[in-house]
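Numbering (our numbering), first residue to last: 353 to 542.
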């Protein structure tokens, strides 16, 4: 009887461990961007070019997914080298002291087909805050090159830079308090 119970338990544990699928971001087809308003009249855009994102999910519609992201703050790129250097400095991201920003989801709430509210902990500049983003699941297809499954997502939302202590010397008339996040990801199944 003990042997049968042990076999059943091992079967259940094996099924549970295999039921969750891991998806990794395809760096060539993924972006982590942001927009901020400068002087109230123009938008400055930038991106973090060195990042990794992972999704773990058991359900094919990703309604139980856990998203994680790690980005190197020194990879910030706005297209202007002088501005990039300033953003890496202690005035903003302090990339030497805070080399990464991270996100780990704490919940996914389905709003409609392919549309979700993604909640998670965002850590920037040594500060962790809960944020909620709009998540668009764009679908899953077979990559025509290698025939492996590929899933696409877009997450959008905004954060307040003061909540993370970023750029406190620069008032809202100079740089908007609100920073828009736009993350596009193409994920391949592991």
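Cβ coordinates follow ideal geometry from the N, Cα and C atoms, glycine included.
Tell me the rounded alpha-carbon separation between residue i and residue j.
i           : j           : result
residue 361 : residue 371 : Interpretation of residue 361 is limited by its pLDDT of 45, a score under 50 that renders its predicted location unreliable; the figure taken from the coordinates is listed afterwards. Their Cα atoms are separated by approximately 15 Å.
residue 478 : residue 532 : 20 Å
residue 528 : residue 468 : 27 Å
residue 462 : residue 501 : 22 Å
residue 554 : residue 389 : Look at the range of the chain in this structure, 353 to 542, and you will see that residue 554 is not part of it.
Look at residue i and residue j and say whether their C-beta atoms are less than 8 Å apart.
i           : j           : result
residue 460 : residue 474 : no
residue 486 : residue 507 : yes
residue 398 : residue 379 : no
residue 443 : residue 392 : no
residue 408 : residue 418 : yes
residue 422 : residue 404 : yes
residue 456 : residue 431 : no
Provide the residue span of the alpha helix (DSSP H) that contains residue i, from first to last.
i           : result
residue 433 : 433-440
Could you please give the first and the last residue of the uninterrupted beta strand (DSSP E) stretch that includes residue i?
i           : result
residue 469 : 467-476
residue 514 : Neither: residue 514 is in no beta strand (DSSP E) and is coded neither H nor E.
For residue i, count neighbouring Cβ atoms within 10 angstroms of its own Cβ and tell me buried if that reaches 16, exposed if not.
i           : result
residue 526 : exposed
residue 425 : buried
residue 537 : buried
Looking only at its chain, what residues have a beta carbon closer than 7 Å to the beta carbon of residue i, apart from the 5 residues adjacent to it on each side?
i           : result
residue 376 : 406, 539, 540 and 542
For residue i, which residues of its own chain have a beta-carbon under 8 Å away from its beta-carbon, when the five flanking residues on both sides are left out?
i           : result
residue 451 : 424, 425 and 426
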